[in-house]
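Presented below is the structure to which this report refers.
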Amino acid sequence: MELKNIVIRGGEVVGPRGVRRAEVLITGETIAEVGEVEVPPDAETIDASGKLVIPGAVDVHTHLDMEVGVTRSADDFTTGTRAAACGGTTTVIDFATAYRGESPAKGLANWHEKAQGKAVVDYGFHMSITELTVPPEDVVAEMAEAGVSSFKLYMTYPERLMVPDEVIAQMLVAAGRAGSLVCLHCEDDAAIARLRAEALAGGHTEPRWHARSRPPSAEADAVARAVRLAEEAEAPCYVVHLSSAPALERVRTARERGLPVFAETCPQYLYLSAERYEGETEAAANYVCAPPLRDPWHQEELWEGLRRGHLQVVATDHCPFNTYTRRAGLQGGGWRDFTQIPGGLPGIETRLSLVYQRVLDGDLSIMEWIDRCCTTPARLFGLHPRKGELAPGADADVVVFDPGFERPLVADTLHMNVDYSPYEELVVRGWPVLVMVRGTVVAANGQPRGAPGWGRYLARGPSGHLD
Ligand SMILES: [Zn+2]
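Quick note: the sequence shown, position 194, residue 197 per the numbering used here, numbers continuous.
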């Protein structure tokens, strides 16, 4: 069968060498050419005049259909990836988890089952390890074979997820040697445990105590420990959802010493602050996440870190819960106790446009915006050159982005399966008007078009290097 040709013309194409007026020729599922292309006579033409043509965005931190206590995150692989598509994200990497007593192979099989036939955009998996029952080299080799080249280890959540430093050290060594990457949730659990116990003993159970018991110092201390463990292991490491200035400082100084320490932040830490915990309890509960939202001054530091490349990635940590779920709490016992509120925020749909607002302000260049949201995430996690860049031979994951498209980020018109939006009062300028995954339209004008099941599993190559 003849492959279908599509040409996108008239737009400003954001490519590896800059922004320029160019055409993008798609043949079948692949980008055939970028530049002044010879258009085949049978090609379908898409007019992108006045628009930016950019690579599909890559979100390397999502939690779809994840069990949390007695509940689960509100988006499954269909609703979550459909929302991702509407916002211009064409690849997600979700966190498969091997809970205690489960092998990584079992954990991975569970997540394949959740995603199978449901995703609208392409997807890969990290593997979260909660214990080591076989040699770490075996885990790393088995997962690499299955296309999983990154791991997540938790330095907190002792009930279900935390591993001791010894396991982190072993995994860093094994992963580093094999070209895989260890991602770390950095919050010092000893400090948190002490502060939580103190808060509860004092009768302080409101959501604001969630933030007060997880201070920036606990994050910074854990980042420092992660850096030391990675340095000793001579391995790269990746700090997920970095939220505060002192933690950023630890990453910056490590990188200035030449260490391969990478870090992501998320839109909630760039846009929202701990003031959200000060309202009435029910509303405040909707902003519980870990690390928590910080005082407003951290935001500018994080933007500055992004601009200067001390932070390399913006991901979402998308893990939505509906208001009624928060109210029920983890044990079904109610939200009046901050330790029982399931944590996480919706964001899979809104990341690309939220970061673009700083391009409008002149604080980030278009190239930096695309780099942090598309290219570097793909490169760091073994998806490049297939994903993250508009270049011949890459998958035709293409977004036509209208810089003039204005919309309020209200829950009613977004597609995440959740009854509130953290950005309800915000009107953004710039939104994807056409989103393709491998040459097939999955969203248009912010509305879903794709069919569940079009999204394909991505076996990833080596992770943890940008060269
Ligand atoms: Zn997460």
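All residues carry an ideal CB built from backbone N, CA and C; glycine is no exception.
Note down the Cα distance separating L175 from G467, rounded to an integer number of angstroms.
-> Distance from the CA of L175 to the CA of G467, rounded to the nearest whole angstrom, comes to 11 angstroms.
Exposed or buried, R1, counting other C-beta atoms within 10 Å across all chains shown (16 or more means buried)?
-> Absent from the structure is residue 1, since the part of the chain shown begins at 4 and ends at 470.
What three-state label does DSSP hand D79 in the structure shown?
-> coil
Spatial neighbours of T284 in its chain, beta-carbon cut-off 8 angstroms, leaving aside the 5 residues before and after = E209, P210, W338, R339
Got a sec, what are the start and stop residues for the beta strand (DSSP E) W457 sits in?
-> Counting along the chain, W457 falls outside any beta strand (DSSP E), and DSSP gives it neither H nor E.
Specify, as a first and last residue, the run of the beta strand (DSSP E) that D62 falls within.
-> 60-65
Runs of alpha helix (DSSP H) wholly within the stretch 204-258 (minimum 4 residues, chain order) = Listed in chain order, the complete alpha helix (DSSP H) runs (minimum 4 residues) inside the stretch 204-258 are 211-215, 219-236.
Where T268 and L314 are concerned, what is the direct C-alpha to C-alpha distance, given to the nearest angstrom?
-> 7 angstroms
Does the stretch 406-424 touch the stretch 40-49, meaning 3 or more C-beta pairs lie closer than 8 angstroms?
-> no
Would you mind working out which of C89, T48, V61, A60 sits nearest L417, comparing C-alpha positions?
-> Out of C89, T48, V61, A60, the CA that lies nearest to the CA of L417 is found in C89.
Please confirm whether V95 and W457 have their CB atoms less than 8 angstroms apart.
-> no
Buried or exposed for Q119, please, with buried defined as at least 16 other CB atoms from any protein chain shown within 10 angstroms of its CB.
-> exposed
Is the distance from the Cβ of P270 to the Cβ of V317 below 8 angstroms?
-> yes
Exposure label - N289; buried when at least 16 CB within 10 Å = buried
Taking the alpha carbon of D97 as the point to measure from, which residue in A287, C322, T379, T256 has its own alpha carbon closest?
-> D97 has its Cα closest to that of C322, out of A287, C322, T379, T256.
First and last residue of the beta strand (DSSP E) that includes P380?
-> Counting along the chain, P380 falls outside any beta strand (DSSP E), though it belongs to the alpha helix (DSSP H) covering 379-383.
Report the option in S220, R163, T342 whose CA atom is closest to the CA atom of A204.
-> T342
Close beta carbons around C186, own chain, < 8 angstroms, minus the five adjacent residues each side = H129, S153, F154, K155, L156, C240, Y241, V242, V243
Per DSSP, which residues does I96 bridge with? Please list them.
-> G127
Taking 7 angstroms as the line, does the beta carbon of D479 fall inside it for any heavy atom of ligand 1?
-> A question about residue 479 goes unanswered here, because the residues of the chain that appear run from 4 up to 470.
CA-to-CA distance, Y426 to A248, given in whole angstroms = Distance between the alpha carbons of A248 and Y426: 22 angstroms.
E441 and D62 closer than 8 angstroms at C-beta | Contrary to the premise, residue 441 reads as Arg rather than Glu in this sequence. No. Outside cutoff.
Return the residue from the list V10, E36, A178, D141 that minimises the CA-CA distance to P465.
-> It is A178.
Beta-carbon proximity list for N325, same chain, < 7 angstroms, skipping 5 on both sides = A77, V421, D422
Identify the residues that DSSP records as bridge partners of N8: which are they?
-> T30
Taking the alpha carbon of T319 as the point to measure from, which residue in E252, A446, E201, Y274 has its own alpha carbon closest?
-> Y274
Go through its chain and collect everything with a Cβ distance to W212's Cβ below 7 angstroms, but skip five positions before and after it.
-> A202, F341
Hey, would you say the C-beta of F324 is under 7 angstroms away from at least one heavy atom of ligand 1?
-> F324 Cβ: outside cutoff for every heavy atom of ligand 1.
Which value, in whole angstroms, describes the spacing of the CA atoms of T378 and E281?
-> 37 angstroms
Per DSSP, what kind of secondary structure is R432 in: helix, strand or coil?
-> strand
Sequence-distant residues of the same chain with beta carbon closer than 6 angstroms to K121, five excluded per side | Take K121, set aside five residues on each side of it, and the residues of its chain with a beta-carbon closer than 6 angstroms to its own are F80, T81, P455, in chain order.
Do you know whose CA, among L412, V444, W300, lies nearest V430's CA?
-> The shortest C-alpha separation from V430 is found at L412.
E47: which of W300, K7, L437 sits nearest, CA to CA?
-> K7
Sheet register partners of L437 (DSSP bridge) | V403, A447
For the alpha helix (DSSP H) that V170 lies in, which residues bound it at each end?
-> 168-181
DSSP state of P468, grouped into three classes?
-> Rather than Pro, the amino acid found at residue 468 in this sequence is His. Three-state result, H468: coil.
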